[in-house]
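Below is one structure, written out as structure tokens; the observations come after it.
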Amino acid sequence: MKRTFLKAIIGLSMVASTTVFVVSCSNNDDETIDNTSSVDPNNFKGDITSNVTLDPSKTYTITGKVAVKAGASLTIPAGTKFQVTAGELNSDGTVKAVSYLIVERGAKIYINGTASQPVVFEGTTHKQGHWGGIVVLGNAPSNRSAAGTSTSELGELTYGGTDKADNSGSITYLVIKDSGYKYNPEKEFNGLSLFGVGSGTKVSYVYVTNGADDGVEMFGGNVNVDHIIVTGVGDDSFDWTESWSGSVNYIYAARMKQFMDAAEPGNRGIEADSQDTDANTTNGANGGVSNPTVTNATFIGNTKGAESQGMKIRAGSAGKFDNVVLANFSTGLDFETDRTYTWFKSGAYLNNIRFVNIGTEWKAKATTANPTPDMSTVYVKSTTATGAGNGTALPDWAKGWTGLTSFDVADAGN
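Per the numbering used here, numbering of the sequence shown is gapless, rising by one per residue and ending at 430.
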């Protein structure tokens, strides 16, 4: 998923609603939630304008957009469960306004799940793309402008800035199922989207499964995330753009065999960009370049579809990688653009890479400056890399709270 995400929300809102809230996908009778007691567990939607804490003994049914406004916070205790509807429907059953949770710039979210009591969001119907997803906007830099900010199509929903250490709250032990609502092939939600989120925000132990687009995507920012699980999404498992310069430590991501013959069987383990429209930008406080650190990672695919690539690194993205297992993809490492070539040839940034049943270890696309790019020397292979902890097998830290007890290459297909 690319920059069109916020534009998609706005475009649908303009058609479906006369509300004054820019990203609202609900009609103008949405309530304002100004205290905990005003939350209706059976019809949870509207704008949160104060500090609201939910009740873990209740199951909340989200029926539209839930927006945490600037200056407010939403606290979700361990064990809280959410059933999410597709949203407001037209008379013919099509979706008029999709359900999702958005945390606006200057607001905070506290998802306080534990290993024994994770917080779970799942669709009222279990299918890819049933509802939207979770979106967090912060004040850390994007490279869409010199100021480090970016805005929605109408110029009224801002994210990004210059505060690399911005704090949007914390997310721990979170499970997201059935997300990724699609407006059209170019515009759809991810499971978890982090726009300009800073390093003061904690994101740890997140599981996204059965989603229709990307599992987790970074749009700029400096947030560090760890212990991420993604299975069975229709596009990329982990995606970044707009100069994200944080880290991901311990990630296990895999396609699922049950979707092998679907229209969208899944794409890359990682899709890495600096910016889709200007691979050489120097905008923003991160210097314009995506340059994250990826350690202890396992990515498992199958050969279905045109984008069976373990890691696609392009559009000027840099990065540092260590202890990575790539399995069952047609291509292991796929590089594009001169800025990316220059970065990886300038130092040892791809270390301890293990290829398991990979058709072609690396590919690179010709450019005017590099008509025959040779990236064969930029990575160091290892036959003993453990990846997320257990090679291609599900690591121990992922068991239990995700509902998974095992997973391996056979579960992803081949």
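Ideal Cβ positions, reconstructed from N, Cα and C, are used throughout, including at glycine.
- Membership of V394 in any alpha helix (DSSP H) is not indicated, and neither H nor E is assigned to it by DSSP.
- Bounds of the alpha helix (DSSP H) holding D427 are V425 to A428.
- Considering only K85, V111 and K328, the residue with the shortest C-alpha distance to D255 is K328.
- Nearest to A301 by C-alpha distance, out of V151, Q99, P157 and G139, is P157.
- A Cβ-Cβ contact shorter than 8 Å links G304 with N159.
- Here the alpha carbon of T225 sits roughly 12 Å from the alpha carbon of F275.
- Beyond the five residues adjoining it in sequence on each side, A131 comes within less than 7 Å, by CB distance, of Y189, G416 and W417 in the same chain, given in chain order.
- For Q99, same chain residues with a beta-carbon under 8 Å away, outside a window of 5 residues either side, are T75, Y76, T77, I78, E138, G139 and T140 in chain order.
- Taking a C-beta distance under 8 Å as the contact criterion, Y126 and S89 qualify as a contact pair.
- Spatial neighbours of S253 in its own chain (CB-CB distance under 6 Å, excluding positions within 5 residues in sequence) are listed in chain order as G231, V246, A269 and G285.
- Cβ-Cβ distances below 7 Å link A404 to Y266, I267, Y268, N312, A313, T314 and P411 in the same chain, with the five nearest sequence neighbours on each side left out; the list follows chain order.
- Non-local beta-carbon contacts of D242 in its own chain, meaning distances under 6 Å to residues more than five positions away in sequence, involve S220, N265 and Y266 in chain order.
- Apart from sequence neighbours up to five positions away, the residues of its chain that approach F423 with a beta-carbon distance below 6 Å are L410, ordered along the chain.
- In this structure, the CA atom of K85 is about 8 Å from the CA atom of R121.
- Within the segment 118-142, the complete beta strand (DSSP E) segments of 3 residues or longer fall at 124-128 and 135-139, listed in chain order.
- Contact check for S290 against T298 fails: the beta carbons are separated by 8 Å or more.
- Note that the C-beta distance between D338 and N307 is not below 8 Å.
- With contacts defined by Cβ atoms closer than 8 Å, G282 and D229 do not form a contacting pair.
- Distance from the Cα of Q133 is smallest, within the candidate group D182, N155, V222 and Y175, for V222.
- Within the same chain, V114, S115, Y116, S195, Y197 and F205 come within 7 Å of G148 by CB-CB distance, once the 5 residues on both sides are set aside.
- In the DSSP annotation of this structure, D350 is not part of any alpha helix (DSSP H); the continuous beta strand (DSSP E) holding it starts and ends at T347 to F351.
- Within 10 angstroms of the beta-carbon of G145 lie 16 or more other beta-carbons, which makes it buried.
- Nearest in C-alpha terms to V135, of all of T384, G419 and T402, is G419.
- Rounded to whole angstroms, the gap between the alpha carbons of P72 and K218 is 21 Å.
- In this structure K381 is exposed. Its beta-carbon is surrounded by fewer than 16 other beta-carbon atoms within 10 angstroms.
- Collapsing the DSSP output to three states places A156 in coil.
- If the five residues before and after N430 are omitted, its C-beta is found closer than 6 Å to the C-beta atoms of N318 and N344, all from its own chain and listed in chain order.
- Shortest Cα-Cα distance from A295 to any of G321, I49 and E352 involves E352.
- Each residue's CA atom was taken as its position, placing S324 and D277 some 14 Å apart.
- If you ignore the 5 residues before and after T421, its C-beta comes within less than 7 Å of the C-beta of K415, all in its own chain and listed in chain order.
- If you ignore the 5 residues before and after I369, its C-beta comes within less than 6 Å of the C-beta of V340, Y395 and K397, all in its own chain and listed in chain order.
- In the three-state reduction of the DSSP assignment, R271 falls in the coil class, being assigned neither a helical nor a strand state.
- Looking from the CA of G262, the closest CA among E280, N59 and V213 belongs to V213.
- T96 sits buried, since 16 or more C-beta atoms from the chains shown fall within 10 Å of its C-beta.
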